[in-house]
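Peer 1: Residue numbers (numbering that gives the first Met the number 0), protein chains in the order written: chain A, 0 to 378; chain B, 0 to 182. From the three backbone atoms N, C-alpha and C, an ideal C-beta is built for every residue, glycine too. Nothing here was measured: the structure is a model prediction, and the numbers come from that model. So that we are looking at the same thing, I have put the structure below in structure tokens.
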Amino acid sequence: MTKRRINSIDYIYIWRKLKNSISPEEDELLSEWLKNSPEHMKFFLNARDFQNRKLIDNTPSAWINLNHKLKQRRKKRILVYCCAASFALVVGFSFFFFHNSVDRQIEAKLVPVPGIDKATLILNDGTSHTLDKSTDLLLEEDGAKIKGKEGLLVYSPLKKKNPRIAYNTIYVPRGGEFFLILSDSTKIWINSETMIRYPSSFSKNERRIELIGEAYFEVKKDESRPFVVVSDQQLIKVTGTAFNVSSFGHEGSIVTTLVEGSIQLSPRDAVENFVSLLPGNQSIFDNESQSMIIKNVNVSLYTSWKDGYYDFQGETIENMLCTLSRWYNFNYQFNADKVRLKRFSGRLKRTDSFQRILSVIEKTDEIKFTIEGTQVIVN
Amino acid sequence: MNIKERILFNRLKKGDIVAFEELFKEFNRPLTFFAQQYVFDLQSGEDIVQENFIHFWENIHKIEIKTSLKAYFYQSVRNRCYNYLRDLNIYDKHKLHYVEALLASHDPDIFTHHELNNALEKAISLLPGKMSQIIRLKYIEEKKIMEVSNLLNITDNTVKTQLNRGKVRLKELIIKMVNVNIF
Chain A
0 MTKRRINSID YIYIWRKLKN SISPEEDELL SEWLKNSPEH MKFFLNARDF QNRKLIDNTP
60 SAWINLNHKL KQRRKKRILV YCCAASFALV VGFSFFFFHN SVDRQIEAKL VPVPGIDKAT
120 LILNDGTSHT LDKSTDLLLE EDGAKIKGKE GLLVYSPLKK KNPRIAYNTI YVPRGGEFFL
180 ILSDSTKIWI NSETMIRYPS SFSKNERRIE LIGEAYFEVK KDESRPFVVV SDQQLIKVTG
240 TAFNVSSFGH EGSIVTTLVE GSIQLSPRDA VENFVSLLPG NQSIFDNESQ SMIIKNVNVS
300 LYTSWKDGYY DFQGETIENM LCTLSRWYNF NYQFNADKVR LKRFSGRLKR TDSFQRILSV
360 IEKTDEIKFT IEGTQVIVN
Chain B
0 MNIKERILFN RLKKGDIVAF EELFKEFNRP LTFFAQQYVF DLQSGEDIVQ ENFIHFWENI
60 HKIEIKTSLK AYFYQSVRNR CYNYLRDLNI YDKHKLHYVE ALLASHDPDI FTHHELNNAL
120 EKAISLLPGK MSQIIRLKYI EEKKIMEVSN LLNITDNTVK TQLNRGKVRL KELIIKMVNV
180 NIF
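Written as structure tokens, this is what we have:
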């Protein structure tokens, strides 16, 4: 199976998605496109929410702002002329030095490697920040202080009366993971290729966030303010508990695994039709029919990723590669269809090199891999 | 350009900042509103319009306007929005988004200053007789509400109601047409 990269999309897909008239094929293309960039996701969410937004009348201060900008540009332009000459010299020199190192970087990129702590944070006003190990971020947004350091983003509430609700979005790309602590002290482990949208401080009666992808939640107990996780057509309501949600699973379904406490799970638009899960329960929610199946599972198989392991038990090689490809950021294809369903059990360490992971799998079954750059072919 | 605009434009060419301020204060609000509807982002919409004004002011000696100042500004802002979406890898083959932004705009005059694309033109012709006539007089022939009411011998309020209903009907029609084109 090769992954298609959708580079651009017709607005009509977005429009149809919002009007619930999108076909399954178009929907698939749209979600590919959404996954390509957090900017795409931001546009989509804005398009969805725009109807309800109040447009700000900027007239009084707009002219002053423009005037200010014009003056600054005039100053800058003079500076630019002066700098241009000296800059040309510097560029000439540094190009020579850079040339070699860039080559090396590209080379390194071509081999799949384990994921690292990285993410993009998009604030309410649209500004975005790249977060990784070396980030040292300190921001303040309505009602919350935001601190980003070493793969961790922490929100702490500021004592402020009636803060405006400001939405933040965090996007973790393929080959990344991130740890988030919300303003109510709820902890979220965010897996690769995942987006979460949440307010920087919660309202008085509800804590609501949106999730696309996979994350593990440890929700801070607060009976008076239920914590709500919306993913696609599914809605989860809890007061304090630990669970894992993954919307990567088999096409169009959302897999929720409850570790402790209890949760109420329902279709997004029919909250009254909820089902309660007990610890050890797993629900598989089908977005299209809005129905679900509940079974008992060994929860550690579904949550071990946050502790740095992948536990597989009788998992097909296809599902395994699908999971691994997000973390090691590679594409894969099968030379023969019957290999797809071969099953595998075992524990893999997430910090292990890609080569090691593949050789472990190769040892257990009559499967051989060929690696070409970031493409893995299963023989 | 009419005489009033010509005088304003000449002042602008001479670098009259007061003229620029007048122009800005007249157009900034409706343009920003239009851009925000187009890019679905308050800040970006505002920025696009600001950049457009800055570009206009800094290049005024090179700019020639054949239509009207208003048409020029709507067109250039539209192009900037279009580029913004293109950078986001969104295209708008059926002009659906463009028409939507146009119809959502609170400034009804916006119709007059755009080349009406085929869909809009066709949709107007599909409206019921009277409604189609009123929309045409107001938006294509650029008549004032009072002129329309005098011409058709109806009250101002009737014209206003018909215009509002007409806009809703137009939107429905265009959306239907866009869907038909593709399926």
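Alpha carbon to alpha carbon, how far is B:Phe8 from B:Lys61?
Peer 2: On the second sequence, position 9 is the one that residue 8 of chain B refers to. On the second sequence, position 62 is the one that residue 61 of chain B refers to. One C-alpha to the other measures close to 12 Å.
Peer 1: With DSSP run on the structure shown, which of helix, strand or coil describes B:Asp221?
Peer 2: Residue 221 of chain B falls outside the range modelled here, since chain B spans only 0 to 182, and no answer is possible.
Peer 1: For B:Cys80, which residues in the same chain have their Cβ closer than 7 Å to its Cβ, ignoring the five residues on either side in sequence?
Peer 2: Sequence index remark: in the second sequence, residue 80 of chain B carries index 81 (1-based). Answer for B:Cys80: Ala34, Tyr37, Val38, Ile47, listed in chain order.
Peer 1: A:Thr119 by DSSP, collapsed to three states: which one?
Peer 2: To locate residue 119 of chain A, count along the first sequence from 1; it is residue 120. The answer is strand: DSSP assigns A:Thr119 an E or B state.
Peer 1: So with Cβ pairs under 8 Å, would you call A:Asp9 a contact of chain B?
Peer 2: As a first step, residue 9 of chain A is located in the first sequence; it is residue number 10 there, counting from the start. Closer than 8 Å: yes.
Peer 1: Tell me whether the beta-carbon of A:Thr168 lies closer than 8 Å to the beta-carbon of A:Lys41.
Peer 2: Mapped onto the first sequence, residue 168 of chain A falls at position 169. Mapped onto the first sequence, residue 41 of chain A falls at position 42. The answer is yes: Cβ separation under 8 Å.
Peer 1: Can you tell which of A:Ser246, A:Asp124, A:Tyr327, A:Ile360 has its C-alpha closest to the C-alpha of A:Val338?
Peer 2: Counting from 1 along the first sequence, the entry for residue 338 of chain A is found at position 339. Ranking A:Ser246, A:Asp124, A:Tyr327, A:Ile360 by Cα distance to A:Val338 puts A:Ile360 first.
Peer 1: Along the alpha helix (DSSP H) that carries B:Val5, what are the first and last residues, could you check?
Peer 2: Counted from its first residue, the second sequence places residue 5 of chain B at position 6. Reading the sequence as shown, one finds Arg at residue 5 of chain B and not Val. Looking at the DSSP string, the run of the alpha helix (DSSP H) that includes B:Arg5 is 2-12.
Peer 1: Excluding sequence positions up to five away, which residues of its chain have a Cβ less than 6 Å from the Cβ of A:Asp285?
Peer 2: Taking the first residue of the first sequence as 1, we reach residue 285 of chain A at position 286. So the list reads Ser252, once near-sequence residues are dropped.
Peer 1: Quick one: residues in its chain with C-beta nearer than 7 Å to the C-beta of A:Arg342, no 5 flanking neighbours on either side, listed in chain order?
Peer 2: What you label residue 342 of chain A is simply residue 343 of the first sequence in a count that begins at 1. Same-chain partners within the cutoff: Gly313, Glu314, Thr315.
Peer 1: For B:Pro127, count neighbouring Cβ atoms within 10 angstroms of its own Cβ and tell me buried if that reaches 16, exposed if not.
Peer 2: For the purposes of this step, residue 127 of chain B is taken as residue 128 along the second sequence, with counting starting at 1. With fewer than 16 other Cβ atoms within 10 Å, it is exposed.
Peer 1: Tell me whether the beta-carbon of A:Trp62 lies closer than 8 Å to the beta-carbon of B:Lys24.
Peer 2: What you label residue 62 of chain A is simply residue 63 of the first sequence in a count that begins at 1. What you label residue 24 of chain B is simply residue 25 of the second sequence in a count that begins at 1. For A:Trp62 and B:Lys24, yes; Cβs fall inside 8 Å.
Peer 1: For A:Lys348, collect the residues of the same chain with a Cβ closer than 7 Å to its Cβ; drop the 5 residues on either side in sequence, then sort them by chain order.
Peer 2: Counted from its first residue, the first sequence places residue 348 of chain A at position 349. The answer, listed in chain order, is Gly307, Tyr308.
Peer 1: Which residues of the region 73-99 of chain B have a Cβ closer than 7 Å to any Cβ of chain A? Give them in chain order.
Peer 2: Under the 7 Å Cβ criterion, the region 73-99 of chain B contributes Leu87, Asn88, Ile89, Tyr90, Asp91, Lys92, His93, Leu95, His96.
Peer 1: Residue range of the beta strand (DSSP E) that A:Ala143 falls in?
Peer 2: On the first sequence, residue 143 of chain A is found 144 positions in, with the first residue counted as 1. First-last of the beta strand (DSSP E) with A:Ala143: 143-148.
Peer 1: Specify the secondary structure class of A:Ser299 as computed by DSSP and reduced to three states.
Peer 2: Mapped onto the first sequence, residue 299 of chain A falls at position 300. If DSSP states are grouped into helix, strand and coil, A:Ser299 belongs with the helices.
Peer 1: Looking at A:Gly212 and A:Ser246, is the spacing between their C-beta atoms short of 8 Å?
Peer 2: The residue given as residue 246 of chain A occupies position 247 in the first sequence. The residue given as residue 212 of chain A occupies position 213 in the first sequence. Yes; because the gap between Cβ atoms is below 8 Å, this pair is in contact.
Peer 1: Does any residue of chain A bring its CB to less than 8 Å from the CB of B:Phe52?
Peer 2: Position 53 of the second sequence holds residue 52 of chain B. B:Phe52 counts as touching chain A.
Peer 1: What's the call for B:Val98, buried or exposed, on a 16-neighbour Cβ count within 10 Å?
Peer 2: Within the second sequence, the letter at position 99 stands for residue 98 of chain B. Classification for B:Val98: buried.
Peer 1: Does A:Thr193 pass the burial test, meaning 16 or more other C-beta atoms within 10 Å, or should it be called exposed?
Peer 2: To locate residue 193 of chain A, count along the first sequence from 1; it is residue 194. With 16 or more Cβ atoms within 10 Å of its Cβ, A:Thr193 is classed as buried.
Peer 1: The region 141-173 of chain A: which residues have C-beta closer than 8 Å to a C-beta of chain B, in chain order?
Peer 2: Within the region 141-173 of chain A, no residue qualifies.
Peer 1: From which residue to which residue does the beta strand (DSSP E) around B:Arg77 run?
Peer 2: Start at 1 with the first residue of the second sequence, and residue 77 of chain B comes out as number 78. Where B:Arg77 is concerned, there is no enclosing beta strand (DSSP E), although the alpha helix (DSSP H) it sits in stretches over 68-86.
Peer 1: Would you say the region 173-187 of chain A touches the region 107-126 of chain A, given that touching needs at least three Cβ pairs under 8 Å?
Peer 2: Taking 8 Å as the limit for Cβ pairs, the verdict is that the region 107-126 of chain A does touch the region 173-187 of chain A.
Peer 1: A:Gly114 and A:Trp304: beta carbons closer than 8 Å?
Peer 2: Along the first sequence, one-based indexing puts residue 114 of chain A at 115. Along the first sequence, one-based indexing puts residue 304 of chain A at 305. No; because the gap between Cβ atoms is not below 8 Å, this pair is not in contact.
Peer 1: Let me see if you follow: with CB-CB separation under 8 Å, is B:Glu20 close to chain A or not?
Peer 2: Counted from its first residue, the second sequence places residue 20 of chain B at position 21. Chain A, which has a Cβ nearer than 8 Å to the Cβ of B:Glu20, makes this yes.
Peer 1: Indicate whether B:Ile133 and B:Leu87 have their beta-carbon atoms separated by less than 8 Å.
Peer 2: Position 134 of the second sequence holds residue 133 of chain B. Position 88 of the second sequence holds residue 87 of chain B. No, the Cβ-Cβ distance between B:Ile133 and B:Leu87 is not below 8 Å.
Peer 1: Provide the residue span of the alpha helix (DSSP H) that contains A:Asp26, from first to last.
Peer 2: In the first sequence, the residue the question calls residue 26 of chain A occupies position 27. Run containing A:Asp26: 23-35, per the alpha helix (DSSP H) assignment.
Peer 1: Enumerate in chain order the residues of its own chain whose CB-to-CB distance from A:Lys220 is below 7 Å, with the five nearest sequence positions on each side excluded.
Peer 2: The residue you call residue 220 of chain A lines up with position 221 of the first sequence. Contacts found: Thr238, Gly239.
Peer 1: Please report the Cβ distance between A:Asn334 and A:Ile376, rounded to the nearest whole angstrom; I am assuming they are in contact, meaning their Cβ atoms lie under 8 Å.
Peer 2: Along the first sequence, read from residue 1 onward, the residue named residue 334 of chain A stands at position 335. Along the first sequence, read from residue 1 onward, the residue named residue 376 of chain A stands at position 377. The pair is a contact, with the Cβ atoms about 6 Å apart (cut-off 8 Å).
Peer 1: In this structure, what does DSSP give as the bridge partners for B:Pro29?
Peer 2: If you number the second sequence from 1, residue 29 of chain B lands on position 30. Paired residues: none, contrary to the question.
Peer 1: Under the three-state reduction of DSSP, which class applies to A:Phe273: helix, strand or coil?
Peer 2: To locate residue 273 of chain A, count along the first sequence from 1; it is residue 274. In this structure, A:Phe273 counts as coil in the three-state DSSP scheme.
Peer 1: Can you list, in chain order, the stretches of the beta strand (DSSP E) that have 3 or more residues and sit fully within the region 145-196 of chain A?
Peer 2: Taking only runs of at least 3 residues, the beta strand (DSSP E) segments lying wholly in the region 145-196 of chain A are 151-156, 166-171, 175-180, 186-189.
Peer 1: Is A:Ile145 closer than 8 Å to A:Ser199 when the C-beta atoms are compared?
Peer 2: On the first sequence, position 200 is the one that residue 199 of chain A refers to. On the first sequence, position 146 is the one that residue 145 of chain A refers to. Yes, the Cβ-Cβ distance between A:Ser199 and A:Ile145 is below 8 Å.
Peer 1: Enumerate in chain order the residues of its own chain whose CB-to-CB distance from A:Lys236 is below 6 Å, with the five nearest sequence positions on each side excluded.
Peer 2: One-based indexing of the first sequence puts residue 236 of chain A at position 237. The residues are Pro225, Val227, Gln263.
Peer 1: Quick one: which unbroken beta strand (DSSP E) runs of 3-plus residues sit fully inside the region 284-329 of chain A? Chain order, please.
Peer 2: DSSP runs (the beta strand (DSSP E)) wholly in the region 284-329 of chain A: 290-295, 308-315.
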